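Peer 1: With full-length UniProt numbering applied, the sequence shown covers 1 to 222.
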Amino acid sequence: MDVVKATIRAYYNAHKNDAGAYVADKEKSPYLTEMAKVTQDASAKVAQACRAAVAEGKKPAITLDADDTTVWTYDMEEAMEFSFTPQFQQAYLEKNDMPATPGMVKLVKVAKDAGCEIIGLTGRSTSQKAWTLRNLRAVGYTEFTDGLYFTKPSSDPAKMPSYIKCAGAKCTTVEFKAGTRAHIEKDLGYTIVGNFGDQYSDLIGGHSDTAYKLPNPTYYLP
């Protein structure tokens, strides 16, 4: 585990702050270099897709995950020593604003200016929705709205919206996110021209023209 942590810290150029805690370098790192390229390329493609869809009389949109897609969780991961618990995350969210994921505030503005609606789609619980939207606005995202920000009410299929279909006793991330994208397209009338996430479970399941995978070697969510 020490070798894995050292490798991840090198990618983020993480260093100890005055309190002795590891934090990501916010100015220079391999991660920042890779994100700059990913977001620059994606911005151009998304803007083109948004404008083309508008010209065809469609309602284009992009969907975006929260953690490590629009907000950057690395410093929280270090604070919890890479051992996630919902309780730690909740306590952290109540006391801290996460910074914006590098390059994504600009990408979202580009997409909005090109005619796309901005839709949030996160596996964070519905109880964390208000904190999440506040954090997003605090770091520069003005495009997200409460009505088009989808959070996960539960893993219990019985507590899911009627448009979510779950095969087992628990609803998976893929079932929740793909089912919500289907609802956005079929019921709300949007064409999702781009879907952004840092996990493959954010992206698979269809209902978007293009999937954009952002780098995140810190954790894996099936």
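Note that CB positions come from ideal geometry on N, CA and C, so glycine has one too. Just so you know, these numbers come straight off a predicted model, no measurement behind them.
1. Between Ala77 and Asn96, what straight-line distance do the alpha-carbon atoms span, to the nearest angstrom?
2. Return the residue from the list His183, Gln87, Thr151, Lys159 that minimises the CA-CA distance to Ala130.
3. Count the other C-beta atoms from every protein chain shown that fall within 10 angstroms of the C-beta of Tyr163, then say buried if there are 16 or more, exposed otherwise.
4. What are the complete beta strand (DSSP E) segments, minimum 3 residues, inside the segment 31 to 71?
5. Among His183, Lys26, Lys170, Lys5, whose alpha-carbon lies nearest the alpha-carbon of Ala158?
6. Cβ atoms of Val38 and Leu214: under 8 Å apart, would you say?
7. Short check: CB of Leu136 to CB of Asp146, under 8 Å?
8. Here's the rule: buried if 16 or more other CB atoms are within 10 angstroms of the residue's CB, otherwise exposed. What is Leu203?
9. Confirm, please, whether the CB-CB distance from Ile62 to Ala111 is below 8 Å.
10. Any idea if Ser70 is buried or exposed, counting beta-carbon neighbours within 10 angstroms, 16 or more meaning buried?
11. Do you know offhand how far Ile184's Cα is from Gly194's?
12. Taking the beta carbon of Ser201 as the centre, do at least 16 other beta carbons fall within 10 Å, making it buried, or is it exposed?
Peer 2: Once the coordinates are examined:
1. Sequence inspection shows Glu at residue 77; the Ala mentioned does not correspond to that position. Whole-angstrom Cα-Cα distance: 13 Å.
2. Thr151
3. Taking a 10 Å sphere around the C-beta of Tyr163, we find fewer than 16 other C-beta atoms and assign the residue as exposed.
4. 60 to 64
5. Lys170
6. yes
7. no
8. buried
9. yes
10. Reading off the sequence, residue 70 comes out as Thr, not Ser. If you draw a 10 Å sphere on the C-beta of Thr70, you find 16 or more other C-beta atoms in it, and that means buried.
11. 13 Å
12. buried
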